[in-house]
Amino acid sequence: INNHSFNAMLEVCGDVPQIDAMFLQADYNHRIVEQLGNATIVRAQMGYGFATQRIRLDASLFVLHRSRECDVVHYYDDIASEYVDAVIRNIERTGFGVELDGSVSWTGYLSSRFSLSAARYGYSDDAEVLTYADDDNLLIATSKALMRGCRAPGAQLASYADIRFYRSGWGAVLSARYWGGRYVEPSYIRRTERFIDYAHSPEERSALLSQQRLDDALMLGVSISKSLRLGGGCRLNISLGVDNILASKIVYGGYEQNRVRRSKSGYYTAISPFADKLR
């Protein structure tokens, strides 16, 4: 409608489990996970667009819900003192938020691009965990993983902005990127009631259930380029760029380890999770 546009989308579909989530041990074991089924995905989105010769803006609201997902985790179980294969069933995750994307032409040789994503991605319900011995596939335990309220890995807030200069074959771009609200990938295993029952104090329970938030990250980049015309319709492009001119130390992600440490003192056994792995 004139310079404005509107759109809406609703999608409901199924998602087949990955190969690694279909077998207890895909490398050497042909036992198929029981009660396999497709995950259910529901997506809804409403969008708005505005465009002129100098300005373009796209905005959207979205909701994403995934349910009945399945996964298989292989690890050394410190409670059973053996290697196990854990089947995670009925994983349920929900995400919702807003996304903005746009560009502005300030002059004939100066322009900018920008984007913003603000969302909440997390687990909306608990999951079921079935633990099998790795050697003979005997069922060791069935428990519930307290995943409700955990955040999914990835940035909950991300933004980008730049200013671009292009004239007479010369080009320069100064950009800024920001990531916030990032968390390590949560462990289903250490959040099972089977592990939490060993916690005898609020501090031990909190250590098993808490999820580490990563520091916010800011990255500034700059690049310079020159385009040269050669004979025969050929062109030579020369560019030099630095992505992180502030030399910021950025942690890009991480995950919680499935193992826990048990220490005995008389009749009392303390339990604590291994430190998170960051990268």
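Each residue of the sequence shown is one higher than the last, beginning at 14 in the working numbering. Glycine residues also receive a C-beta, built at the ideal position from the N, C-alpha and C atoms. It should be emphasised that the depicted structure is a prediction, and the values quoted were computed from it without experimental measurement.
With residue i and residue j assumed to form a contact (beta carbons below 8 angstroms), what rounded beta-carbon distance in angstroms separates them?
i	j	result
I176	A140	Contact doesn't hold; Cβ gap of about 46 angstroms is too wide.
A168	G194	6 angstroms
R79	G50	R79 to G50, Cβ: 13 angstroms. No contact.
Y211	T282	7 angstroms
L231	Y179	About 26 angstroms; that fails the 8 angstroms criterion.
Pull the bridge partners of residue i from the DSSP assignment, please.
i	result
T53	G27, S80
K239	W183, I251
H87	D98
A189	A174, L233
A131	V111, L170
M35	Looking at the DSSP assignment, M35 forms no beta bridge with any residue, so it has no partner.
A93	None, per the DSSP bridge assignment.
M22	Q58
L291	G267
Output the distance between the C-alpha atoms of residue i and residue j, rounded to the nearest integer angstrom.
i	j	result
L243	Y122	23 angstroms
R274	Y265	26 angstroms
A131	G110	6 angstroms
I263	S200	23 angstroms
V255	V76	36 angstroms
L187	V235	5 angstroms
I68	G62	11 angstroms
L368	Q31	In the structure as shown, the chain begins at 14 and stops at 292. Residue 368 is therefore absent and cannot be evaluated.
H43	E269	28 angstroms
K277	D91	14 angstroms
I'd like to check one pair, residue j with residue i: are the Cβ atoms closer than 8 angstroms?
i	j	result
E6	S285	In the structure as shown, the chain starts at 14 and stops at 292, and residue 6 therefore has no counterpart that could be examined.
S137	E105	yes
I202	V117	no
L233	A165	no
L253	L241	no
A185	I237	yes
N16	T65	yes
Within the same chain, show all residues whose beta-carbon is closer than 6 angstroms to that of residue i, passing over the 5 residues directly before and after it, in chain order.
i	result
Q225	V197, D289
T205	V142, S156, A158
Y128	According to the sequence provided, residue 128 is Ser. The question's Tyr does not apply to it. Excluding positions up to five away in sequence, the list reads D114, Y173.
L74	M59, V111
A57	L23, V76
V55	V25, H78
With a threshold of 7 angstroms on Cβ separation, who are the neighbours of residue i within its own chain once the five nearest residues in sequence on each side are excluded?
i	result
K239	G182, W183, I251
I153	A93, V97, T144, Y145, A146
I258	L233, G234, V235
By Cβ distance, which residues of its chain are closer than 8 angstroms to residue i, with the 5 residues on each side in sequence left out?
i	result
L222	L159, R204, I209
S125	S116, V117, W119, A174, D175, I176, R177
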